[in-house]
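Residue numbers (the numbering used here), protein chains in the order written: chain A, 12 to 533; chain B, 376 to 707; chain C, 376 to 707; chain D, 694 to 986. The structure appears right after this line, and notes come after that.
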Amino acid sequence: MLNVPETSSFAGVEAPFLSLSGVRKSYPGVVALDNFSMEVAPGEVIGLVGENGAGKSTLMKILGGVVKPDRGTITVDGIEHDQLSVEGSMNAGIAFVHQELNLFDNLDVAANVFLGREPLRAGPLKLVDRAKLREMVGSLLKRVGANFSADTPVSKLSLAQQQMVEIAKALSINSRLVILDEPTSSLPLPETEKLLAVIKGLKADGISVIFISHRLHEIERVADRVLVLRDGILAGVLPKSAIDHDEMVRLMIGRALKARTAVSMQTPGAVALSAQDIRTTTYPHHPVSLEIRRGEILGLAGLVGSGRTELARVLFGIDARLGGEVYTDGKKLGLHSAADAVANGIFLVPEDRKLEGILLDFPIAQNISLPDMPAHSKRYLVSVRSENKTAEKQRSSLGIRAPSVATRTGSLSGGNQQKVVLAKWLAMNPKIIIMDEPTRGIDIGAKAEIYNLMRVLAEAGVAVLMISSDMEEVIGVSDRVAVMHEGQISGILDKDDLSQENVMLLAVGKKPRLAKREPEGR
Amino acid sequence: MSKKDIGLLLLILVVGAVVAAINPRFLLPINLANTSNLIGLFGILSIGQAFVIITGGIELSVGSSIALLGVLFIDFIATRGMDWPVAFILILILGGLIGLAHGWLIARLKLQPFVVTLCGLLIYRGVARFYTADGTAGFAFGQNFPTLEFLTAGRTYGVPNSFIALIVIMAIMWVVLHRSVFGRYLYAIGKNEEAARFSGIRTGRIIMAAYVICGVLTALAAIYFAMYTRSISPASHGNFYELYAIAAAVLGGFSLRGGEGSIVGVILGTILLQELQNLVNLLGIPSSLNFSVMGGVILIGVLVDQQWGAFRTRRRLVRAARAEPSTEGQRN
Amino acid sequence: MSKKDIGLLLLILVVGAVVAAINPRFLLPINLANTSNLIGLFGILSIGQAFVIITGGIELSVGSSIALLGVLFIDFIATRGMDWPVAFILILILGGLIGLAHGWLIARLKLQPFVVTLCGLLIYRGVARFYTADGTAGFAFGQNFPTLEFLTAGRTYGVPNSFIALIVIMAIMWVVLHRSVFGRYLYAIGKNEEAARFSGIRTGRIIMAAYVICGVLTALAAIYFAMYTRSISPASHGNFYELYAIAAAVLGGFSLRGGEGSIVGVILGTILLQELQNLVNLLGIPSSLNFSVMGGVILIGVLVDQQWGAFRTRRRLVRAARAEPSTEGQRN
Amino acid sequence: ADKPTLAFVVNGASDFWKAAEAGVKKAQAELPDYSLELKYPEQSSVAIQQRLMDDLVTAGVKGIMVSAVDPKTSTDGLNKIASQTALFTTDSDAPQTNRVAYIGSSNVDAGKQAAEIAKKAMPNGGKCIGFVGLLGADNAKERIQGMKDGLAGTKIELVDVRGDDIDQTRAKKNVEDALVASPDVTCMVGFYSYNTPRIYEALRDAGKLGQITVVGFDDDPITLGGVKEGTVAATVVQQPFEWAYRGMKLMAAYLGGDKSGIPDNKLIIIPTVIIGKDDVDKYAANLKAMAGN
Ligand SMILES: Nc1ncnc2c1ncn2[C@@H]1O[C@H](COP(=O)(O)OP(=O)(O)OP(=O)(O)O)[C@@H](O)[C@H]1O
Ligand SMILES: Nc1ncnc2c1ncn2[C@@H]1O[C@H](COP(=O)(O)OP(=O)(O)OP(=O)(O)O)[C@@H](O)[C@H]1O
Ligand SMILES: [Mg+2]
Ligand SMILES: [Mg+2]
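Laid out in structure tokens, this is it:
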């Protein structure tokens with residue numbers, strides 16, 4: 012193990028822009044951060060990693076002025092503070108992309124990016140200079156590689172596109188430190204590449220960056236220094252030369268990670284879910300057909316806005332379909348609502364957990380039991396005991412980090428919330444499960460657990476449809492991969508043809524390079 | 376009973392003690408019976424409202440429904456000579472249908488609850504007035520319905536039967552809201568309708584059911600009110616009753632954003648409001664100030680509750696930090 | 376103008392054309408002037424309400440404020456002999472203070488807008504009635520204030536000055552809401568107050584400012600109403616005006632969840648409501664149906680708007696699909 | 694320990710009852726052994742008035758004089774009060790109850806007097822529109838009926854009565870709209886006390902004062918001013934001061950055991966009077982004197 016210094020000072024010559032010392036933050040029942048110290052030098056890119064609930068977001072919220080620490084000092088430019096306010100933080104030049112998206116969907120992109128800092132026209136009236144605003148936002152969007160314009164209403168953007176707006180917003184601040192809290196959690200590869208380039212650009216301009224991600228290879232590529240958090244405590248610091256995937260994992264979870272479960276060798280069973288000529292409202296002129304077999308994990312890849320989420324919502328009955336039919340086990344479904352889907356054993360882990368996945372104000376146990384109330388009730392009356400039993404079982408099997416199953420779900424860290432979403436479906440013995448970005452914001456240890464879980468499910472005969480923008484995940488976990496391009500399935504890759512290159516080619520609508528197939532193959 | 380409910384109960388008792396000290400006639404059985412009769416009527420109304428508020432909705436047409444259904448009920452039995460049990464059932468069904476219509480517009484056609492029920496408020500009032508040509512609906516002299524009158528306006532061992540009805544309804548609705556699957560769904564929908572739908576709950580049906588419950592309870596209250604006043608001038612009967620019902624729910628800890636509140640709370644809220652009305656009359660406060668007293672007490676009640684809650688949270692946080700508190704007030 | 380606004384304008388024109396066809400006197404300049412006078416009064420009120428609704432709040436005390444401030448204004452100038460410009464300013468300041476108090480309770484102490492303003496509704500009504508001991512405040516016979524009367528109830532080239540005042544206020548408020556930073560913050564807060572705060576917006580101040588604007592505009596409207604009726608019985612003056620204002624805003628495309636709506640919309644909403652009232656009288660519809668007509672039209676208006684939007688989307692999709700539509704209804 | 698209380702319960706907040714308040718005050722000066730009070734229900738509704746009376750009975754009042762919101766159908770409620778205390782009715786009677794007596798005027802007669810005014814002002818006939826607060830209220834219906842009866846057989850016709858729900862803004866707009874909708878109308882009747890002033894002002898704004906005959910009810914200052922000016926033909930006034938003053942004294946006497954003041958038919962009618970241009974000064978002076986009491 013590397014030496015863990017008392018404070019993680021930067022070895023450079025320049026005076027640190029920002030330093031924390033002895034910071035502590037506790038919530039009822041948890042110490043989210045304890046005795047934490049660090050320094051950030053100008054132009055330094057710090058990677059911050061740690062398991063779900065390790066305290067990363069809490070730390071960033073303290074820097075952003077959103078959360079007040081219990082103790083400790085924050086020094087900016089040599090001035091010591093007990094705490095920062097949102098304004099104080101902004102004035103100090105700290106820009107922030109929050110883990111949870113916070114855009115205003117009743118305003119357009121331009122208004123969102125400069126909200127609170129609008130360019131004004133001359134005069135006492137404080138009128139917005141709209142031309143200047145549009146121009147400034149336009150160039151920012153170009154920089155992050157967005158394909159939409161400044162006056163697009165945010166309500167028209169997909170989640171990933173919204174994440175780009177958030178990034179543009181952070182860049183728009185004339186900042187000296189940019190904090191990115193899991194900015195890539197729903198970004199596919201090309202956009203992620205652009206972001207990494209942006210980070211390098213910032214560094215070149217002498218701007219510091221704190222970059223939080225569960226995708227460790229991204230950290231490896233850009234970080235000058237990595238801080239590892241474990242249970243609210245600084246578990247280790249890796250200088251640039253020592254940044255290494257396995258070492259980060261070891262510091263994060265205190266042990267090395269077992270190798271990822273191999274892809275199943277068993278032959279998939281009969282077709283469990285079959286979608287024929289589905290037309291969605293976003294792409295009404297592109298019918299989509301898809302089959303998933305029992306016991307297989309079908310990956311669904313594609314670029315931002317390629318229509319994967321839309322397809323999943325239609326299969327789950329949430330969105331109306333304009334045409335086509337859905338069959339399970341060869342039977343046509345009367346699919347008009349999510350309730351119909353659930354009744355037929357089709358479950359969805361949605362993309363946006365805060366809005367669609369969980370009730371933030373409900374205790375964990377009630378979130379888990381919600382879709383399966385009939386099983387947790389007798390003569391229409393709720394059985395709390397049965398709820399708690401199920402919730403406890405899921406908590407220990409998924410390793411949900413929480414004081415108890417009665418804890419308010421909203422107070423969990425992002426990754427643990429995601430586990431609660433998974434838990435509620437796993438408790439119901441799924442037949443067909445659709446997971447839209449199931450590991451969004453989940454730490455590497457838990458990811459491995461989830462992949463294991465998916466494999467266990469598949470081996471038990473469940474059909475799994477996994478939508479993911481994480482290329483490694485798509486390739487590493489799926490038995491087959493369907494790729495979408497502009498609302499259509501541009502191709503399905505078997506195990507033999509599965510490569511990063513082929514997925515990308517299909518995603519942009521080109522032909523993949525297929526391996527020659529032996530006629531007498533399997 | 377939650378902490379909130381206990382606080383409210385204390386407030387009720389303290390106010391009662393003060394009033395009794397000033398005017399001991401407050402505690403006369405006849406006064407308590409009169410007041411508990413009105414608690415019964417308004418309580419039934421408020422429980423109905425509570426079911427809608429829990430879903431994050433609101434039902435503003437309550438006062439007008441009370442006028443319309445009351446006019447119809449009296450007309451049916453006093454003028455058209457319908458058997459009262461038939462009329463009774465018919466009115467409850469009508470109330471349910473009104474609720475169903477509102478629920479349908481809100482849950483299926485996605486109109487805003489405030490808008491739908493505001494239109495209801497206007498329309499039913501107008502229809503009630505048109506129905507009687509702006510006249511009064513009432514019983515003729517000497518017209519009697521002994522059983523109906525006993526059930527609605529009578530007393531058993533001095534306890535008004537309307538109050539007994541409230542207790543029964545309260546018990547049933549307590550189980551429905553706090554122990555049943557349906558109740559759980561209501562809370563879930565109130566907290567986050569989208570997430571509830573993604574959990575496979577048929578949110579539309581549940582919301583409609585909430586409005587139907589509100590409609591039926593409102594219809595029941597309408598009959599009680601009609602039998603209490605025995606005459607209805609549709610232009611003014613039930614005016615502002617929706618505000619009383621909403622105020623009772625809010626005092627009782629309901630949030631208009633939905634997903635919060637308890638049956639005990641809404642009943643305590645009703646009791647406090649009726650106690651205040653009684654107080655104004657008993658203490659000889661100018662009746663012009665009646666509204667002000669009510670508004671003032673609600674405001675103070677909510678304020679104290681809120682500040683007390685904030686204080687407790689702060690203390691808990693400070694204690695959790697086990698350090699010198701640096702949790703200064705957050706301004707923005 | 377948005378599509379929504381154009382739809383509303385069309386509705387206004389169609390209703391107007393039908394009424395004019397039945398009773399051509401509808402188009403007489405004097406009738407238009409009379410109606411536009413009331414549009415002026417209610418429009419000022421509704422713009423104030425709109426600012427609050429945009430933040431996701433609601434202001435229920437408007438009707439009571441109109442009674443209280445109107446009583447005070449008339450009392451100041453008619454009984455206490457205050458100079459009217461002084462009284463005028465004083466009333467506007469008072470209105471602003473009421474708004475500030477509401478804003479403070481809502482933004483700083485985090486009370487629910489519905490609760491705070493409901494208490495306001497009760498309290499101000501009571502205070503107004505207490506102030507006059509339930510009597511009427513009015514001018515003595517022959518008491519005249521020529522300048523004030525010209526400004527409030529007079530006409531310029533046949534156009535009521537109240538309407539001109541509305542146009543001016545509308546222009547100013549349009550710039551404030553749709554072009555200024557403040558307006559943009561209002562929309563942001565209405566959508567997501569928490570996130571707005573994280574963007575460094577001083578949400579508390581902005582919300583308070585919205586209530587102050589509402590208070591001042593309500594005070595202005597109160598003066599106009601007082602000068603229109605020239606006599607105020609505080610028990611009934613302004614009853615339900617908050618509902619008119621809210622209905623105008625909602626008809627004009629505002630969402631009570633906040634963050635949506637435009638100044639043009641709220642004015643169109645006001646125009647439609649006043650047109651309906653005018654229609655009831657001109658077509659000789661029984662006054663008892665006044666409310667029903669209003670409620671019915673609002674409901675139909677909102678419904679058509681909503682269904683039309685849904686229909687257009689569906690048609691667009693079906694056309695795009697270029698296939699036989701199999702749009703099955705979505706239930707939940 | 695306290696003096697016995699007598700209560701005068703009105704049917705809603707209105708200036709109309711200010712004169713009754715003066716009457717109660719005057720009676721109080723002459724009845725030192727009683728404590729007299731006048732009560733407004735916070736809204737004009739049967740339930741709220743009933744509640745108010747229940748509470749008064751609980752508080753131990755000895756006698757109640759009530760202007761019932763809806764006397765025709767509140768028989769049982771009023772009887773309940775009458776069984777616990779001495780109940781008198783005023784303003785509008787409830788003859789089927791066990792009330793001790795009624796003291797007040799007749800709204801039908803008042804309506805007939807309004808017809809007299811119209812006939813005198815428009816010997817050649819005319820077309821009238823009426824304005825009222827609550828079309829369905831008993832006093833409104835009786836006044837309208839009385840006027841129609843009085844006009845029967847003449848060339849004057851009451852073609853429509855518009856209601857405004859006691860919203861003064863609507864009251865004035867109704868007049869404006871009536872001027873537009875019916876250009877041939879020659880007379881306007883204000884059935885509630887505030888309706889006549891609204892007619893007066895709308896006519897003044899439209900420049901039609903003096904061209905249209907205005908028939909008023911009650912004694913709002915503007916109405917009296919219009920009468921004096923000649924722009925309001927005349928007004929029919931009730932005498933709530935007398936009701937209250939005489940009623941309270943009567944009630945005190947009754948409770949004291951002196952029942953001689955109660956006539957056999959239990960009706961004490963204090964007639965309404967027409968105030969025209971010639972009587973208005975005297976009437977106004979009289980009003981002032983009472984208020985100063
Ligand atoms: N508002 C809150 N109330 C109570 N506990 C909280 C609150 N916010 C965070 N916590 C707790 O603090 C701990 C740290 O959470 P934090 O969000 O900082 O984790 P994280 O490292 O960002 O995790 P993730 O990778 O899942 O986003 C967790 O145990 C969480 O449950
Ligand atoms: N070019 C675009 N401009 C604006 N909105 C778009 C565009 N492309 C897609 N969208 C939005 O994206 C949604 C369809 O994409 P969907 O979210 O289903 O794709 P996805 O493959 O899941 O992509 P993502 O990675 O963004 O979630 C629609 O709701 C649509 O509004
Ligand atoms: Mg986090
Ligand atoms: Mg997606």
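C-beta atoms are modelled at their ideal positions from N, C-alpha and C, and glycine is treated no differently.
Between residue i and ligand 1, is the CB less than 7 angstroms from at least one heavy atom?
i              : result
D372 (chain A) : no
Do residue i and residue j have their CB atoms nearer than 8 angstroms?
i              : j              : result
G345 (chain A) : P298 (chain A) : no
G804 (chain D) : M758 (chain D) : no
I961 (chain D) : Y795 (chain D) : yes
L631 (chain C) : Q518 (chain B) : no
K848 (chain D) : E894 (chain D) : no
V754 (chain D) : T698 (chain D) : yes
F448 (chain C) : A425 (chain C) : no
T507 (chain B) : G823 (chain D) : no
I441 (chain B) : F600 (chain B) : yes
V502 (chain B) : L443 (chain B) : yes
M477 (chain A) : P449 (chain A) : yes
L59 (chain A)  : L238 (chain A) : yes
S799 (chain D) : S760 (chain D) : no
I598 (chain C) : T527 (chain C) : yes
V514 (chain A) : V494 (chain A) : yes
T430 (chain C) : L561 (chain C) : yes
V393 (chain A) : S555 (chain B) : yes
A75 (chain A)  : I178 (chain A) : In the sequence on display, residue 75 (chain A) carries Gly and not Ala. No, the pair does not count as a contact, with Cβ atoms beyond the cut-off.
I think residue i touches residue j, with their Cβ atoms under 8 angstroms apart; what is that distance to the nearest whole Å?
i              : j              : result
D490 (chain A) : P279 (chain A) : 7 angstroms
T69 (chain A)  : A43 (chain A)  : 4 angstroms
S667 (chain C) : F505 (chain B) : 7 angstroms
Complete alpha helix (DSSP H) runs within the segment 602-632 of chain B (minimum length 4 residues, chain order): Counting whole runs of 4 or more residues, the segment 602-632 of chain B contains the alpha helix (DSSP H) stretches 616-626.
For ligand 1, residues whose Cβ lies under 5 angstroms from any non-hydrogen atom: Ordered by chain, the residues meeting the criterion of a beta-carbon within less than 5 angstroms of a non-hydrogen atom of ligand 1 are A:Y38, A:V41, A:A43, A:N63, A:G64, A:A65, A:G66, A:K67, A:S68, A:T69, A:S422, A:L423, A:S424, A:G425 and A:G426.
Complete beta strand (DSSP E) runs within the segment 911-957 of chain D (minimum length 3 residues, chain order): List check, beta strand (DSSP E) in window: 927-930.
Within the segment 455-520 of chain A, ranges of the beta strand (DSSP E) (whole runs, at least 3 residues): Runs of the beta strand (DSSP E) inside the segment 455-520 of chain A: 474-478, 491-496 and 499-504.
Within the segment 525-602 of chain B, ranges of the alpha helix (DSSP H) (whole runs, at least 4 residues): Segments of the alpha helix (DSSP H) lying fully in the segment 525-602 of chain B: 536-554, 556-566 and 568-573.
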